[in-house]
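Okay, so here's the structure we're looking at.
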Amino acid sequence: MLAATSITRAASVKYRSAFSKWLAISRWVRGRSCFPWPVGRSYSTSGAVADLRYDSRREAPAMTVLPSVAEAIGSTPLVDLARVTRGRPGRVLAKLELLSPGLSKKDRMARQIVEDAEAAGELAPGQTVVELTSGNAGAGLAIVCAVKDHPFVAVMSKGNSEERARMMRALGAEVVLVDQAPGATPGKVTGADLERVEEVVHRVVAERDAFRADQFRHPGNFRAHYLNTGPEILRQSGGAIDAFCDFVGSGGTFAGCAAAFKEQDPGIRCYVVEPAGAAVLAGRGVRDPHHRIQGGGYALAELAHLRPEHVDGYLEVSDREAVEMARRLAAEEGIFAGFSSGANLAAAFQLLAGPCRGQTVVIAVCDSGLKYLSTDLWP
Ligand SMILES: Cc1ncc(COP(=O)(O)O)c(C=O)c1O
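Here it is as structure tokens:
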């Protein structure tokens, strides 16, 4: 008994001394400038001044009981893609957004927009929320709206994979599917298809006296990534990243992360990724708007969230490259993701072969490969 007590006491002393060492190191680390909290400057795409301090309540919720699944959004792992990158000059770090409750990075903007709108009085208790979606924003909004008691209507082009509509319905959303523009191909959603979806959104918002989440313009989309995704990446990597590239849809992820990175270290270069043949943001015009990289590449000439001063360059990725890299992510890294994640990896490899040779590039793994089981991404 005595022996057991002294062993326990010895273990406790050892534990306490290890803990105080850890505390001292973490205090020292927090004091270093490469760590990004609190975030000091104010950004808002609407021009409104916002409280942009990093929200530590969103941090590492895994070991506590959460009041709802909405609190499980974010705090995703950052993984070194050391296997697929073997033999290439440099590193690629991947932010695993596919592990979010809605299986995509769009959960973050869904929660932020709804919470910001509620706080600003733009969204009343019980009011219906409506949004145009390629399926991922809709899944995120369906989750957040279910938890916060808002009816949700998702308006989506039929060009997106059908499992997305099924998932949103399962999460309690009403899904309105919109026919594609004449001549369009299923699986390839263009700006023309989005225009049709937009018309239906306007009608539904008016009919239901609803709140339009408006991911292409609402500052909550930008803020979700400026306050959380970007700072998380900086803290997880110890600030040791050289570049970031992202396939853009609304541009919220790119813009928010780029703003957080540049604020911390203006030397971190940020690249917009577009589909080959539809690099409109790069100013190269549209040769072919039809591509298979769902969730973005809509050939829209202007995206409200993007700030030109945060864009260091533009990269183009073909369907073939996106598919090949999504398959390699699954087979070599065990990361089962979708087309746009493959596009991000392909773009990161372009950077390692070019301006970022020997450096560290960070990408998002945007959504789960489960969302593409009905496509030929997985043979
Ligand atoms: C799978 C996927 N990849 C990329 C994007 C683009 O992200 P963002 O809208 O933040 O630019 C989206 C957006 O819906 C998406 O669903």
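Just so we're aligned, residue 1115 is where the sequence shown starts under this note's numbering, counting upward by one. Heads up, the beta-carbon is just placed ideally off N, CA and C, and yes, glycines get one too. Predicted model, so just to flag it, every value in this text is computed and none were measured.
How close, in whole Å, do the beta carbons of residue i and residue j come, if the pair is a contact with beta carbons under 8 Å?
i	j	result
residue 1246	residue 1308	7 Å
residue 1486	residue 1452	5 Å
residue 1251	residue 1220	4 Å
residue 1311	residue 1270	7 Å
residue 1217	residue 1420	Contact doesn't hold; Cβ gap of about 25 Å is too wide.
So, at 8 Å on beta carbons, what are the nonlocal neighbours of residue i in its own chain, with the 5 sequence-adjacent residues on each side left out?
i	result
residue 1180	1186
residue 1429	1359, 1385, 1386, 1387, 1388, 1461, 1464 and 1465
residue 1300	1272, 1273 and 1294
residue 1401	1391 and 1392
residue 1394	1388, 1400, 1413, 1414 and 1415
On a Cα-Cα basis, can you pick out the residue from the options that is closest to residue i?
i	options	result
residue 1397	1262, 1378 and 1427	1427
residue 1405	1376, 1420, 1435 and 1196	1435
residue 1362	1409, 1377, 1333 and 1343	1409
residue 1399	1197, 1407 and 1416	1416
residue 1498	1365, 1493 and 1227	With the chain covering 1115 to 1493 only, the question about residue 1498 has no answer from this structure.
residue 1328	1482, 1200 and 1223	1223
residue 1336	1282, 1373, 1290 and 1347	1373
residue 1304	1248, 1314 and 1264	1248
residue 1195	1367, 1459 and 1265	1459
residue 1351	1177, 1469, 1191 and 1325	1191
residue 1211	1425, 1367 and 1445	1367
residue 1425	1444, 1371, 1456 and 1467	1371
residue 1319	1263, 1490, 1237 and 1286	1237
residue 1482	1283, 1490, 1473 and 1440	1440
Whole angstroms are fine: how far does the CA of residue j sit from the CA of residue i?
i	j	result
residue 1475	residue 1322	44 Å
residue 1225	residue 1244	14 Å
residue 1268	residue 1288	6 Å
residue 1213	residue 1477	15 Å
residue 1471	residue 1233	45 Å
residue 1201	residue 1261	46 Å
residue 1256	residue 1369	24 Å
residue 1338	residue 1254	13 Å
residue 1204	residue 1473	5 Å
Using a Cβ-Cβ cutoff of less than 7 Å, which residues in the same chain neighbour residue i once the five nearest sequence positions on both sides are dropped?
i	result
residue 1432	1390
residue 1379	1353
residue 1488	1275, 1276 and 1277
Which word fits residue i, buried or exposed, when buried means at least 16 other C-beta atoms lie within 10 angstroms of its C-beta?
i	result
residue 1423	exposed
residue 1403	buried
residue 1280	exposed
residue 1494	Limits of the chain in this structure are 1115 at one end and 1493 at the other, which puts residue 1494 out of reach.
residue 1317	exposed
residue 1448	exposed
residue 1177	exposed
Determine, for residue i, whether the minimum Cβ-Cβ distance to residues of chain D falls below 8 Å.
i	result
residue 1335	You won't find chain D in this structure, because it holds only one protein chain.
Once the 5 residues before and after residue i are set aside, which same chain residues still bring their CB inside 6 Å of it?
i	result
residue 1334	1226, 1227 and 1230
residue 1442	1198
residue 1383	1357 and 1426
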